[in-house]
Amino acid sequence: MNRMQIKKRSLVFFMVPQFTMLPFSAAVDTLRIANRMLGYQAYTWRLASLDGEKVYSSCGIGVEANSSLAEERRHLGGENRPGMVLVCSGIDVEQFNNKSANAWLRECYNRGVAVGSLCTGAHVLAQAGLLNGKRCAIHWENLPGFSEAFPQAEVYADLYEIDGNLYTCAGGTASLDMMLNLVGEDFGESLVNRICEQHLTDRVRNPHDRQRLPLRARLGVQNAKVLSIIELMEGNLAEPLSLIEIADGAGLSRRQIERLFRQEMGRSPARYYLEIRLDRARHLLVQSSMPVVEVAVACGFVSASHFSKCYRELYHRSPQQERAERKMTMASARQQAVAA
Numbered sequence: 002m003n004r005m006q007i008k009k010r011s012l013v014f015f016m017v018p019q020f021t022m023l024p025f026s027a028a029v030d031t032l033r034i035a036n037r038m039l040g041y042q043a044y045t046w047r048l049a050s051l052d053g054e055k056v057y058s059s060c061g062i063g064v065e066a067n068s069s070l071a072e073e074r075r076h077l078g079g080e081n082r083p084g085m086v087l088v089c090s091g092i093d094v095e096q097f098n099n100k101s102a103n104a105w106l107r108e109c110y111n112r113g114v115a116v117g118s119l120c121t122g123a124h125v126l127a128q129a130g131l132l133n134g135k136r137c138a139i140h141w142e143n144l145p146g147f148s149e150a151f152p153q154a155e156v157y158a159d160l161y162e163i164d165g166n167l168y169t170c171a172g173g174t175a176s177l178d179m180m181l182n183l184v185g186e187d188f189g190e191s192l193v194n195r196i197c198e199q200h201l202t203d204r205v206r207n208p209h210d211r212q213r214l215p216l217r218a219r220l221g222v223q224n225a226k227v228l229s230i231i232e233l234m235e236g237n238l239a240e241p242l243s244l245i246e247i248a249d250g251a252g253l254s255r256r257q258i259e260r261l262f263r264q265e266m267g268r269s270p271a272r273y274y275l276e277i278r279l280d281r282a283r284h285l286l287v288q289s290s291m292p293v294v295e296v297a298v299a300c301g302f303v304s305a306s307h308f309s310k311c312y313r314e315l316y317h318r319s320p321q322q323e324r325a326e327r328k329m330t331m332a333s334a335r336q337q338a339v340a341a
């Protein structure tokens, strides 16, 4: 065998309760196919959990772990030390904050082990203090809460980010793209193309491709002026622009903007702007422990009372009720997992 053929890499997938199955399975299966194409076990992996017991994914499927956190800490000093650790998480990741896991991740990184995450796992890496001043990616739905909780991390709505020895991806099929990039670094483009053929995918996406559908497809709107105005609004949620400022930026009059929004969006521009600010507030309420008044300020409201009034009018419940219902749902999901 030549030097390339005998290259090997070992990985540990650390499973957080409620992890998302798609990015996890896409990552593992990419490595499996790489081994098959190469004809030997270039990639080996094991699954770890806090206590070494089965972990349930967000879809209710339980996955058996091969090792516990304590065992993995011992492995760091021996022949079973991994070359990479990937944190697999999903919904309710904000509820996971384990000091032992944080210390282990820091130890891995400090010992030269590549550390990464799938889906919302960047939240765990940030809790461990590994993302301060580092580029990272996280699922778009979790990005608002993450940005508020970890302002020192440079988070982007990219498919994946690689900053030195830190690998983060947004989840979903972005896990496939990040792992194909890894395989490409190890064995070159030819193997990546063969894996893509097995996956029935025609290309490896650029890491900076957008996570969400373009506005045109997402909203079903074709008018370029309306789309540019919406992008302007989405980029200025904490400090909302006035309609005059929006008009100046779009090169239109206030009356033209009003008419376009009534025609294309079925509501006034002010109403639409309010709704996307409240949508961001809803994500912050369910993904973070920020006080309601801070959520209000982060979404451009001058007072908590005005925010609560607007929130109730749109969602038919108060911000406090939204958060309480979320906690009840999470508690019920945890009870079901324990019972299973």
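Our numbering applies: residue 2 is where the sequence shown begins, and numbers increase by one.
C-beta atoms are modelled at their ideal positions from N, C-alpha and C, and glycine is treated no differently.
query: The segment 183-196 / the segment 222-233 touching (three or more Cβ pairs under 8 Å); result: no
query: LEU220 (DSSP reduced to helix, strand or coil); result: helix
query: Rounded distance between the beta-carbons of GLY61 and SER289, thought under 8 Å; result: Actually they do not touch by this definition, with Cβ atoms about 25 Å apart.
query: Three-state class that DSSP yields for ARG318 in the structure shown; result: coil
query: Candidates LEU233, ALA239, GLU240, of which the one nearest ALA248 by Cα; result: LEU233
query: Contact the segment 48-66 vs the segment 147-160: 3+ CB pairs below 8 Å; result: no
query: Exposure of ALA102, with buried meaning 16 or more beta-carbon neighbours within 10 Å; result: buried
query: PHE14, DSSP secondary structure in three states; result: strand
query: Outcome for GLY91 when other beta-carbon atoms lying within 10 angstroms are tallied against a minimum of 16; result: buried
query: Separation of HIS209 from LEU315, as counted between CA atoms; result: 34 Å
query: Contact between the segment 118-136 and the segment 15-35 (3+ Cβ pairs under 8 Å); result: yes
query: From ILE230, LEU201, HIS284, THR169, residue whose alpha carbon lies closest to that of ARG1; result: The question about residue 1 has no answer, for the chain in this structure spans 2 to 341.
query: GLN96 versus SER59: straight-line alpha-carbon distance, rounded; result: 14 Å
query: Exposure label - MET180; buried when at least 16 CB within 10 Å; result: buried
query: PHE302 versus VAL296 - alpha carbon distance; result: 9 Å
query: Which listed residue (ARG318, LEU23, ALA299, ASN67) has its alpha carbon closest to that of ALA239; result: ALA299
query: Cut-off 7 Å between Cβ atoms - residues of its own chain near LYS386, not counting five sequence neighbours on either side; result: Since the displayed the chain opens at 2 and closes at 341, residue 386 lies outside it and no answer follows.
query: LEU160 beta carbon less than 8 Å from that of GLN212; result: yes
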